[in-house]
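Residue numbers (our numbering): 197 to 478.
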C-alpha cells in the first residue's frame, strides 16, 4: 500500500524538574509516572515515524487541536492514548485510524490497536492488507436541525456549561416528552459504554449494538415520576430551557451551545469510524 498518512501525536510536556519543594511520596509517584509516560511516548513516536517512512509512505505530522490537514490523508495513525485517538476521530470522515498506545503502563488505550511491542505486526496488517478495520458507530448531533460538523465516537454530554450548574430541559424519547432538571444527560455508543457511562451506572452493551444508551445524571425527583431517566434509543432530543446548556462531544474540547428554546438531537445514523485493531474491552 502506498499513500499519505496523517501521523497524529499527543502533545505532552516533560514533568517539572526537580521535584516541587516538600514533595511527599505520592507526589513523587505521580512524577515518576509522568516521566515514564513522557519517555515512552517519545520513543513510540520516533519508532512509528521511522517505520512509516521506511515503508515509503508520505507522512503528514500534526498534533491536536491543529488537525486541519487530516483530510488529505488516506490513513490516520495516532500515537498517544484514547484522547489523541478521539481527537483524530472527530476530524476524520472516511479515513481509517490505527491507534498506537504510546505508554501502555500509564494509559488505557481502549481504542488503540497497537503498542510499540506490536507495531510491526500492526503496520504489516494495515498496509499489507491483512487487517480489516472495525466499523464503530458514531453519534450525529444537530442543533435546531443544523449538523454541528463533527461526530462523537465515545459519548455526548448534554449539560450546563458550568459543572456546578443545573440543567433544565425537555427530554424527547420515542415521541414522549418530559420536563427535567438534572446534572445533565450522558448519551453513548456501544464502544463508548466503558467510559463515563459505565462509571455512572449504565448498562453493558454488546460491541455490535447500534443503539445509543442514555442516562440522566442526578435527576431532581420532586414532582417527577422517574420516567425517561435511562434507556436505549436510536434518537433522542433535548429542548433547552436555559441559555447555559451545551453539547460536549467526546470530552470538553468540542462544546456546542444549546440556547434557550433550541432543540438538540442526537442520533445513531452518523457514518461509522473505521478503526484498525479495535478489540472490545469490558
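The beta carbon of each residue, even a glycine, is placed where N, CA and C say it ideally should be. Keep in mind that this is a model prediction, so the values were computed, not measured.
Taking a contact to mean a Cβ-Cβ separation below 8 Å, would you say residue 204 touches residue 284 in this structure? yes
Given this structure, state the Cα-to-Cα distance separating residue 241 from residue 275, to the nearest angstrom. 6 Å
Given 8 Å, three or more beta-carbon pairs between the stretch 381–394 and the stretch 320–333: yes
Nearest to residue 457 (by Cα), restricted to the options 441, 321 and 475: 441
Counting C-beta neighbours from all protein chains within 10 Å, is the total for residue 411 16 or more, i.e. buried, or is it exposed? buried
In this structure, what does DSSP give as the bridge partners for residue 427? 410
Residue 258, DSSP secondary structure in three states: strand
Compute every distance between the C-beta of residue 312 and the non-hydrogen atoms of the ligand PLP, then say whether any falls below 7 Å. Annotation note on the ligand PLP: not contained in the displayed structure, which lists no ligands.
According to DSSP, what are the bridge partners of residue 336? 347 and 463
Less than 8 Å between the CB atoms is what I'm expecting for residue 227 and residue 211, so what's the real figure, rounded? Contact holds; Cβ gap of about 5 Å.
CB-CB under 6 Å to residue 373, same chain, minus the five flanking residues each way: which ones, in chain order? 366
Is the number of C-beta pairs between the stretch 288–300 and the stretch 356–370 that are closer than 8 Å three or more? no
Whose C-alpha, out of 384, 380, 271 and 350, is nearest the C-alpha of residue 200? 271
Inter-residue spacing [alpha-carbon to alpha-carbon] between residue 463 and residue 315: Their Cα atoms are separated by approximately 35 Å.
Residue(s) in a DSSP beta bridge with residue 367: DSSP output for residue 367 lists 374 and 434 as bridge partner(s).
Taking C-beta to C-beta, are residue 273 and residue 249 nearer than 8 Å? no
Around the C-beta of residue 375, are 16 or more other C-beta atoms found within 10 angstroms, so that it is buried, or is it exposed? exposed
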